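Q: In terms of the working numbering, the sequence shown opens at residue 1 and continues consecutively.
C-beta: ideal position from N, C-alpha, C; glycine also.
Quick caveat, the model's predicted, so the values are computed rather than measured.
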Amino acid sequence: MIKQNNENIKEEEKMRPVSQLLRKGLVAIGQRARENPKTIEKPNFCLGIANKDYPAMTPFLWNEVFKKSGFERRNVRLFGDPLNIGLILEAFKSDSRYIGGDVGVGFKDKAWQLVDELDPLAKAMQAINVIVKLSDGRLKGYNTDGLGYAQSLEQKLKEQGRKLPGQKVVILGAGGTGNAIAFALADAGAKLIILNRTVAKAEDLAKRLNGYFGKELASFGGRNKVKEEVMDVAAVVSVIDDPKAALDKCCALGEINYPLTDTELAENLADAREVLKIMPKDTIVSDVMLREGDTATISVAKKAGFPTLDGRPMVLYQAIKAFWLVNQDGLEAKDISEEQVAKIMMKAAQE
1 MIKQNNENIK EEEKMRPVSQ LLRKGLVAIG QRARENPKTI EKPNFCLGIA
51 NKDYPAMTPF LWNEVFKKSG FERRNVRLFG DPLNIGLILE AFKSDSRYIG
101 GDVGVGFKDK AWQLVDELDP LAKAMQAINV IVKLSDGRLK GYNTDGLGYA
151 QSLEQKLKEQ GRKLPGQKVV ILGAGGTGNA IAFALADAGA KLIILNRTVA
201 KAEDLAKRLN GYFGKELASF GGRNKVKEEV MDVAAVVSVI DDPKAALDKC
251 CALGEINYPL TDTELAENLA DAREVLKIMP KDTIVSDVML REGDTATISV
301 AKKAGFPTLD GRPMVLYQAI KAFWLVNQDG LEAKDISEEQ VAKIMMKAAQ
351 E
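Right under this line is the structure:
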């Protein structure tokens, strides 16, 4: 059970479905997300849900637009156990205050199976990162993660004088975030190598990609193929979202063995440095998981002189589209365009 300060919940709110989740300890309001509201007392709200409390940017970005656009609603980041996803989504659906929101780490590849309707691309990805409550009360899932990441990688490659189509990209991981990123990169014309500890998951993702696009855009393998595949790569992207991975300490490029003892961590970092030695020096090393500082993957790559790309640009780009999907009716009623939303969020991201 997650401890929650019940003083944050007014007496008259305690019987509302989402408030009951908080009271029962099935979810809690995140303390580490940037400027995350401390309560859910607005007339209506957007809720994000993830499997842990971390420095998420989404509440801050969404709430800056709400404030500057005169909305009373807010985005509140919650965290909880994905095993309770059925109870959590049912509470969201039945609470009249909930209008939609973002779906974070640990929930993306589970929530898609429980919403009432899916955007076709999200269905193919088998992962969602945003839920919209429709006018009839049903929940519809979308995925903007991949588009956000593809935009950020295209920008990074542009700085090097390169374009994304035709580039070889190695993806480490095959979870919910990895699904979205793989589909978006394939759609942009990249050649993908998907490597995962559980090879069957990498194989499943590659087959779904190739089936959806009707051509061979992706191949797959286990993590034992990392050194073989990075020798001629334009970008290596870690999408590992396993809470056990402790990515603030261990590097996705190196061998990861559990439990992560001090010895295993030292061997992981040493192995990662060996991998970097055989990679082209202009390879973009990317890790989309956010921590308060750099992940070990980003840190080790920076020290070795490689260009890096963390998850912050992806969060910004995907947040713009996700915000629009959830709040489009209210925004259009106020004559606010998606371009105006983008300007507010981009300015906020620089603060």
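Restricting to Cα atoms, I'd like to know which of Trp62, Arg16, Arg162 and Gly214 is closest to Ala234.
A: On the sequence shown, position 234 is the one that residue 234 refers to. Of Trp62, Arg16, Arg162 and Gly214, the residue nearest in Cα terms is Arg162.
Q: Quick check on Asn129: buried or exposed, where buried means 16 or more other Cβ atoms within 10 Å of its Cβ?
A: Your numbering for residue 129 matches position 129 in the sequence shown. So Asn129 ends up on the buried side.
Q: For Arg197, which residues from the same chain have a beta carbon less than 6 Å from its beta carbon, with the 5 sequence-adjacent residues on both sides left out?
A: As a working note, residue 197 is residue 197 in the sequence shown. So the qualifying residues of the chain are Arg223.
Q: Expressed to the nearest angstrom, what Euclidean distance is found between the alpha-carbon atoms of Gly381 and Leu172?
A: An answer regarding residue 381 cannot be provided, because it is not within the stretch 1 to 351 covered by the chain.
Q: Give a yes or no on contact between the region 322-332 and the region 292-304, applying the rule of three or more CB pairs nearer than 8 Å.
A: By the Cβ criterion, the region 322-332 is not in contact with the region 292-304, since fewer than three pairs of Cβ atoms, one from each stretch, lie closer than 8 Å.
Q: Can you look up Phe220 in the DSSP assignment and give me helix, strand or coil?
A: Taking the sequence shown and counting its residues from 1, one reaches residue 220 at position 220. If DSSP states are grouped into helix, strand and coil, Phe220 belongs with the strands.
Q: Can Val18 and Ile40 be called in contact, C-beta distance under 8 Å?
A: On the sequence shown, residue 18 is found 18 positions in, with the first residue counted as 1. On the sequence shown, residue 40 is found 40 positions in, with the first residue counted as 1. Between Val18 and Ile40, the gap from beta carbon to beta carbon is short of 8 Å.
Q: Check Ile29 in the structure and name its three-state DSSP category.
A: Indexing the sequence shown from 1 puts residue 29 at position 29. It is a strand residue.
Q: Which ranges would you report for the alpha helix (DSSP H) in the region 65-123 if only whole runs of at least 4 residues count?
A: Taken in chain order, the unbroken stretches of alpha helix (DSSP H) that lie wholly in the region 65-123 and span 4 residues or more are 85-94 and 108-111.
Q: What do you reckon, are the CB atoms on Ala186 and Leu195 nearer than 8 Å?
A: Taking the first residue of the sequence shown as position 1, residue 186 is located at position 186. Taking the first residue of the sequence shown as position 1, residue 195 is located at position 195. Not closer than 8 Å, so no.
Q: Going by DSSP in three states, Glu11 sits in which element: helix, strand or coil?
A: One-based indexing of the sequence shown puts residue 11 at position 11. Bear in mind that a pLDDT of 48 at Glu11, under 50, signals an unreliable position, so the model cannot answer this.
Q: Assign Ile320 to one of three DSSP states: helix, strand, or coil.
A: Counting from 1 along the sequence shown, the entry for residue 320 is found at position 320. Here Ile320 sits in helix by DSSP.
Q: Among residues of its own chain, excluding the 5 on either side of Asp232, which ones have a beta-carbon nearer than 8 Å to its beta-carbon?
A: By one-based count along the sequence shown, residue 232 stands at place 232. Counting only Cβ-Cβ distances below 8 Å, and skipping sequence neighbours, we find Lys168 and Pro280.
Q: Look up Phe60 in the DSSP assignment and say whether it is helix, strand or coil.
A: To locate residue 60, count along the sequence shown from 1; it is residue 60. Collapsing the DSSP output to three states places Phe60 in a helix.
Q: Could you give the uninterrupted runs of the alpha helix (DSSP H) lying entirely in the region 248-278, keeping only those of 4 residues or more?
A: 262-277
Q: Does the distance from the CB of Leu358 to the CB of Leu61 come in under 8 Å?
A: Residue coverage of the chain in this structure runs from 1 to 351, which leaves residue 358 outside it and unanswerable.
Q: Which of helix, strand or coil does DSSP assign to Val326?
A: Here residue 326 refers to the residue found at position 326 when the sequence shown is read from its first residue. Three-state DSSP puts Val326 in a helix.
Q: Measuring only the C-alpha atoms, how far is Lys133 from Tyr142?
A: Position 133 of the sequence shown, counting from 1, holds the residue named residue 133. Position 142 of the sequence shown, counting from 1, holds the residue named residue 142. C-alpha separation (whole angstroms): 11 Å.
Q: Throw me the rounded Cβ distance for the Lys140 and Asp109 pair, which I believe falls under 8 Å.
A: Within the sequence shown, numbered from 1, the residue matching residue 140 stands at position 140. Within the sequence shown, numbered from 1, the residue matching residue 109 stands at position 109. Not quite, the Cβ-Cβ distance comes to about 17 Å (not below 8 Å), so this is no contact.
Q: Within its chain, find whatever has a CB closer than 8 Å to the CB of Gly305; leave out the 5 residues flanking it on each side and keep chain order.
A: The count along the sequence shown starts at 1 and reaches residue 305 at position 305. Hits under 8 Å: Lys281.
Q: Judging by CA-CA distance, which residue of Lys343, Gly176, Gly48 and Asp287 is the nearest neighbour of Gly100?
A: Translated into the one-based positions of the sequence shown, residue 100 becomes position 100. The option with the nearest alpha carbon to Gly100 is Gly48.
Q: Buried or exposed, going by whether 16 or more other CB atoms sit within 10 Å of the CB of Ala200?
A: The residue labelled residue 200 in the question sits at position 200 within the sequence shown. Exposed.
Q: Near Ala150, which residues of its chain fall below 6 Å by C-beta distance, leaving aside the five closest residues on each side in sequence?
A: The residue labelled residue 150 in the question sits at position 150 within the sequence shown. So the qualifying residues of the chain are Ala184, Leu185 and Ala188.
Q: For Ile336, count neighbouring C-beta atoms within 10 Å of its own C-beta (all shown protein chains included) and say buried if the count is 16 or more, exposed if not.
A: Walking along the sequence shown from the start, residue 336 turns up at place 336. So Ile336 ends up on the buried side.
Q: Looking at the strands, I want to know which residues DSSP matches up with Asp287.
A: As a first step, residue 287 is located in the sequence shown; it is residue number 287 there, counting from the start. In the DSSP output, where bridge partners are listed per residue, Asp287 has Ser238 and Asp310.
Q: So the beta strand (DSSP E) Ile194 belongs to, where does it begin and stop?
A: Position 194 of the sequence shown, counting from 1, holds the residue named residue 194. First-last of the beta strand (DSSP E) with Ile194: Lys191 to Leu195.
Q: Please list the terminal residues of the continuous alpha helix (DSSP H) segment that includes Gly146.
A: Residue numbering aside, residue 146 sits at position 146 when the sequence shown is read from its first letter. Membership of Gly146 in the alpha helix (DSSP H) is indicated by the continuous run Asp145 to Glu159.
Q: Could you check which residue in Ala91, Leu205 and Leu78 has the C-alpha nearest to that of Gln126?
A: Locating residue 126 in the sequence shown gives position 126, where the first residue counts as 1. Here the closest residue by C-alpha is Leu205.
Q: Pull up the distance between the alpha-carbon of Glu267 and that of Pro307, whole angstroms please.
A: Translated into positions along the sequence shown, residue 267 becomes position 267. Translated into positions along the sequence shown, residue 307 becomes position 307. Near 23 Å, if we compare the C-alpha coordinates of Pro307 and Glu267.
Q: DSSP on Lys42, reduced to helix/strand/coil?
A: The residue given as residue 42 occupies position 42 in the sequence shown. If DSSP states are grouped into helix, strand and coil, Lys42 belongs with coil.
Q: Could you tell me which residues DSSP pairs with Val170 in its beta bridges?
A: Against the sequence shown, residue 170 aligns to sequence position 170. Ile193 and Val236, per the DSSP bridge assignment.
Q: In the structure shown, what three-state DSSP assignment does Ala127 receive?
A: Here residue 127 is taken as the residue at index 127 of the sequence shown, counted from 1. Three-state DSSP puts Ala127 in coil, outside helix and strand.
Q: Residues in its own chain within less than 6 Å of Pro165 by CB, not counting five upstream and five downstream?
A: The residue you call residue 165 lines up with position 165 of the sequence shown. Correct list, in chain order: Gly189.
Q: Taking C-alpha atoms, which residue in Asp95, Leu26 and Gly137 lies nearest to Leu83?
A: Here residue 83 is taken as the residue at index 83 of the sequence shown, counted from 1. Between Leu83 and the set Asp95, Leu26 and Gly137, the nearest pair of CA atoms involves Leu26.
Q: If contacts are defined as beta-carbon pairs under 8 Å, then Gln318 and Thr144 qualify, I think. What distance do you get, rounded to the angstrom?
A: Walking along the sequence shown from the start, residue 318 turns up at place 318. Walking along the sequence shown from the start, residue 144 turns up at place 144. Contact flag correct, Cβ pair sits at about 4 Å.
Q: Tell me the rounded alpha-carbon separation between Asp271 and Lys227.
A: For the purposes of this step, residue 271 is taken as residue 271 along the sequence shown, with counting starting at 1. For the purposes of this step, residue 227 is taken as residue 227 along the sequence shown, with counting starting at 1. The straight-line gap from Cα to Cα measures roughly 10 Å.
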